[in-house]
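In our numbering, the protein residues as written are 5 to 313.
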């Protein structure tokens, strides 16, 4: 991998981990996922506007007449994946949700292999499953206390929305000559509006009256918005460059970064399960990196042979 690609991969992982931590803080502080989503997406909207203004890409936002409905769909799926997960967490257990939300890895692998005919061999599947198992260990998922109920379906729906969104974004990038910033802006704007409407309908917006705006509240909201902007920049870059299934596998590092941050910053307990899980994830990642390098070399050799022939 080139250095610039590694930077975008690392940026994607760390920005997503940062966003999750700020989002969790926001929900705990405000008491509403809708208001938290509205504030963080609102902050991201400000950062995206400034970023596109500086890069001279703001005018591109007004050239999407023929495909605006796809951008709207991407944004709606972005809202639904959060909403479905929140409903699941409200009526089901944390361990069940944590495990089922990771099903998007298997969904992405399946769709990539069956529908888009990406060449995933048995080792791609094996190392993906190894990394997934390691992540579940790091997250401390308790399989002994699994109590399935109908609300668990919302976790599956959330995972399906995540998977569908990734493939739609990648397909949109291929078909239309649109910058990632434009996709990000409309996605974020749609989700911001949806969260705002949901906050008003549920009357959760009134929770803002009881918030203490002194101290770290506004800086953390800004930090969450900045992290969301970098998610768009790095995630969309990686989706355009790599297969969806591989990007999803790389995102398995997000819980690892979050767990390490929890230990270093929030004094979370370092358990044997977390240590073993991190080692397993790293082992699986090394296996996938090795496979991708071999595939890349094989493709280059075929190209050279064709040119010589």
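All C-beta atoms in this analysis are idealised placements derived from N, C-alpha and C, irrespective of residue type, glycine included.
The shortest C-alpha to C-alpha distance from residue 41 to any of 250, 185, 83 and 298 is the one to 83. Assignment of residue 102 by DSSP, reduced to helix, strand and coil, places it in the helix class.
Within a 10 Å sphere around the beta-carbon of residue 259 sit 16 or more other beta-carbons, which makes this residue buried.
With fewer than 16 other CB atoms across the displayed protein chains lying within 10 angstroms of its CB, residue 125 is exposed.
Comparing alpha-carbon positions, the option among 206, 73 and 298 lying closest to residue 37 turns out to be 206. Residues of the same chain with a CB within less than 8 Å of the CB of residue 24, apart from the 5 flanking positions on each side, are 258 and 262 in chain order.
Note on residue 75: 16 or more other CB atoms within 10 angstroms of its CB, so buried under the neighbour-count rule. Counting only the Cα atoms, residue 225 lies some 23 Å from residue 240. Secondary structure at residue 179: helix, using DSSP grouped into helix, strand and coil.
Residue burial annotation: residue 95 is exposed, with fewer than 16 other C-beta atoms found within 10 angstroms of its C-beta.
For residue 59, the uninterrupted alpha helix (DSSP H) segment begins and ends at 37-59. In the structure shown, residue 247 adopts coil according to DSSP, grouped into three states.
In this structure residue 142 is not in contact with residue 28, their Cβ atoms being roughly 16 Å apart against a cut-off of 8 Å.
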